[in-house]
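Residue 78 in this note's numbering is what sits at position 78 of the sequence shown, and the numbering runs on without skipping anything.
Report on the structure given below.
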Amino acid sequence: MLLHVTHETRYEYSPPVETAQHLAHLKPLATGSQRLVSHKLAIEPQPAQRSEQPDVYGNMRAFFALESTHDSLVVTAESVVETSTPLLAPGIARDMPWEAVRERFRYRKDATFDPASEFVFPSPYVPRHDDFAAYARASFAPERSTFDVAMDLTERMYRDFAYDADSTEINTPAVEALAQRKGVCQDFAHIMIACFRAMGLPARYVSGYLLTQPPPGQPRLVGADASHAWVSVYLPGESDGGNGNGNSDGHDSAGGWAEFDPTNGRQPGEDYVALAIGRDYSDVSPMRGVLHGGARHTLKVGVTVRPIEELRTQAAEAAQSQSQTQSQIESQPIDKDLQ
Numbered sequence: 001m002l003l004h005v006t007h008e009t010r011y012e013y014s015p016p017v018e019t020a021q022h023l024a025h026l027k028p029l030a031t032g033s034q035r036l037v038s039h040k041l042a043i044e045p046q047p048a049q050r051s052e053q054p055d056v057y058g059n060m061r062a063f064f065a066l067e068s069t070h071d072s073l074v075v076t077a078e079s080v081v082e083t084s085t086p087l088l089a090p091g092i093a094r095d096m097p098w099e100a101v102r103e104r105f106r107y108r109k110d111a112t113f114d115p116a117s118e119f120v121f122p123s124p125y126v127p128r129h130d131d132f133a134a135y136a137r138a139s140f141a142p143e144r145s146t147f148d149v150a151m152d153l154t155e156r157m158y159r160d161f162a163y164d165a166d167s168t169e170i171n172t173p174a175v176e177a178l179a180q181r182k183g184v185c186q187d188f189a190h191i192m193i194a195c196f197r198a199m200g201l202p203a204r205y206v207s208g209y210l211l212t213q214p215p216p217g218q219p220r221l222v223g224a225d226a227s228h229a230w231v232s233v234y235l236p237g238e239s240d241g242g243n244g245n246g247n248s249d250g251h252d253s254a255g256g257w258a259e260f261d262p263t264n265g266r267q268p269g270e271d272y273v274a275l276a277i278g279r280d281y282s283d284v285s286p287m288r289g290v291l292h293g294g295a296r297h298t299l300k301v302g303v304t305v306r307p308i309e310e311l312r313t314q315a316a317e318a319a320q321s322q323s324q325t326q327s328q329i330e331s332q333p334i335d336k337d338l339q
């Protein structure tokens with residue numbers, strides 16, 4: 001599926017900002033199930049400095065600096081991505097019991113380093129707490145495979161939690177969202193990750209987008225979508241026990257990652273676009289910055305995800321409408337008094 005994604009971030013400052021430095025994670029990943037066809041990042045006002053480089057997890061991040069006074073900032077990322085349904089990597093031990101996976105990530109002196117082990121430890125938005133383990137245990141039945149554990153936890157969270165955009169803020173602790181059983185996709189991803197790490201298994205945060213369908217008969221609203229978040233869980237390979245050579249994607253040659261979306265109770269498909277991966281939201285926030293000035297600000301974010309064919313159809317219809325209007329104008333009789 002070819003998807004066109006527009007992500008616009010708009011800041012209004014009062015008083016104006018004198019200088020600023022920003023870091024953005026707005027360029028979709030290239031993965032086995034996702035190919036980046038094109039990407040453009042427009043920044044207004046024009047930055048004095050601008051660069052792009054990968055971070056430690058392989059995400060492409062853009063840095064830019066503004067050195068003149070400005071009372072607004074508009075950052076627009078426009079991407080075309082070809083997606084397919086994610087498949088498990090060959091050689092993954094899908095049926096391995098979760099206890100065996102946990103044992104592979106226990107600390108042992110002189111053991112070969114596995115890059116996935118970094119996702120077993122607490123992180124800023126995913127701390128250790130007994131409540132996570134208590135909630136997780138119902139899914140972690142003895143000898144159950146890690147894949148089945150993840151699918152069960154995904155479906156349980158979908159049933160147990162209510163999506164409520166007004167119930168949490170960006171800095172609401174995950175354990176609080178767990179207690180109230182409601183939140184948004186960011187909260188649910190953090191809770192699921194915390195459950196896996198509490199049981200000694202690696203899990204990581206995925207930020208991105210989800211293609212949503214408008215109501216029947218209604219047009220797709222530009223800017224009405226939002227960023228999305230889900231979880232990927234590590235599954236070791238059969239051959240080397242999950243201790244092969246690491247690569248930039250953060251997994252060994254035999255193992256890999258399987259993705260799960262507790263917000264929607266399913267695995268991601270071709271209607272998902274992965275933007276960045278990290279330990280939690282703090283590693284992959286779309287925009288962050290350091291400002292001199294601008295004590296107060298307002299923020300508006302608009303996201304639109306649509307199939308490229310829909311965009312082409314709209315462009316063709318607009319061109320046809322314009323052509324018909326022009327033809328009507330040209331065919332109208334000319335008032336002789338005006339000649």
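The beta carbon of each residue, even a glycine, is placed where N, CA and C say it ideally should be.
Please read all numbers here as calculations on a predicted model, not as lab measurements.
### Query
Using DSSP with H/G/I as helix, E/B as strand and the rest coil, what is Glu-67?
coil
### Task
Name the two residues that bound the continuous alpha helix (DSSP H) containing Ser-210.
Rather than Ser, the amino acid found at residue 210 in this sequence is Leu. Per DSSP, Leu-210 belongs to no alpha helix (DSSP H); it is in the beta strand (DSSP E), 203-210.
### Task
Could you spell out where the beta strand (DSSP E) holding His-129 opens and where it closes?
No beta strand (DSSP E) holds His-129; DSSP gives it neither H nor E.
#### Entry: Buried or exposed by the 16-neighbour rule on C-beta atoms within 10 Å, applied to Gln-46
Classified as exposed, Gln-46 has fewer than 16 neighbouring CB atoms from the shown chains inside 10 Å of its CB.
### Query
Who are the Cβ neighbours of Ser-282 in its own chain at under 6 Å, not counting the five residues just before and after it?
Pro-124, Tyr-125
### Task
Reducing DSSP to helix, strand and coil, say where Phe-196 ends up.
helix
### Nonlocal neighbours in the same chain, by C-beta distance under 7 Å from Val-149, ignoring five residues either side
Trp-98, Ser-139, Phe-140
### Task
Alpha carbon to alpha carbon, how far is Pro-268 from Ala-189? Give it in angstroms, no decimals.
13 Å
### Task
Examine the ligand ZN and report whether any of its heavy atoms sits within less than 7 Å of the Cβ of Glu-82.
By its list of ligands, the structure shown contains no ligand whatsoever, and the ligand ZN lies outside what it can speak to.
### Message
With three or more beta-carbon pairs closer than 8 Å as the criterion, would you say the region 48-67 touches the region 270-282?
### Response
yes
### Task
Could you check what DSSP says for Asp-249 in three-state terms: helix, strand or coil?
Residue placement at Asp-249 is poorly supported in this model, since its pLDDT is 41, which falls under 50; the coordinates still yield a value, given next. Residue state, collapsed to three classes: coil.
### Message
Ignoring anything shorter than 4 residues, give me the alpha helix (DSSP H) runs that lie fully in the region 110-188, in order along the chain.
### Response
130-136, 146-160, 174-180
### Task
Please report how far the alpha carbon of Glu-8 lies from the alpha carbon of Arg-104, in whole angstroms.
43 Å
### Query
Would Asp-187 be called buried (16 or more neighbouring beta carbons within 10 Å of its own) or exposed?
buried
### Query
Which term fits Phe-196, buried or exposed, when burial requires 16 or more other beta carbons within 10 angstroms of its beta carbon?
Counting C-beta atoms within 10 angstroms of its own C-beta, Phe-196 has 16 or more neighbours from the protein chains shown and is therefore classed as buried.
### Message
Going by DSSP in three states, Ala-229 sits in which element: helix, strand or coil?
### Response
strand
### Message
Tell me which residue opens and which closes the beta strand (DSSP E) that Tyr-272 is part of.
### Response
272-278
### Query
Secondary structure at Arg-104, three-state DSSP: helix, strand or coil?
helix
### Query
Leaving out five residues before and five after Thr-298 in sequence, what residues of the same chain have Cβ atoms less than 8 Å from its Cβ?
Tyr-11, Glu-12
### Query
Whole-angstrom Cβ separation of Arg-204 and Ile-193, contact assumed at under 8 Å?
7 Å between Cβ atoms; contact.
### Query
According to DSSP, is Leu-29 helix, strand or coil?
Coil, per DSSP.
### Task
Could you tell me the distance, in whole angstroms, from the CA atom of Phe-121 to the CA atom of Tyr-107?
12 Å
### Message
Less than 8 Å between the beta carbons of Ile-92 and Leu-235, yes or no?
### Response
Yes.
### Query
Quick one: Cα of His-22 to Cα of Pro-307, how far?
30 Å
### Message
Within 10 Å of its beta-carbon, does Ser-14 have 16 or more other beta-carbons around it, so buried, or fewer, so exposed?
### Response
exposed
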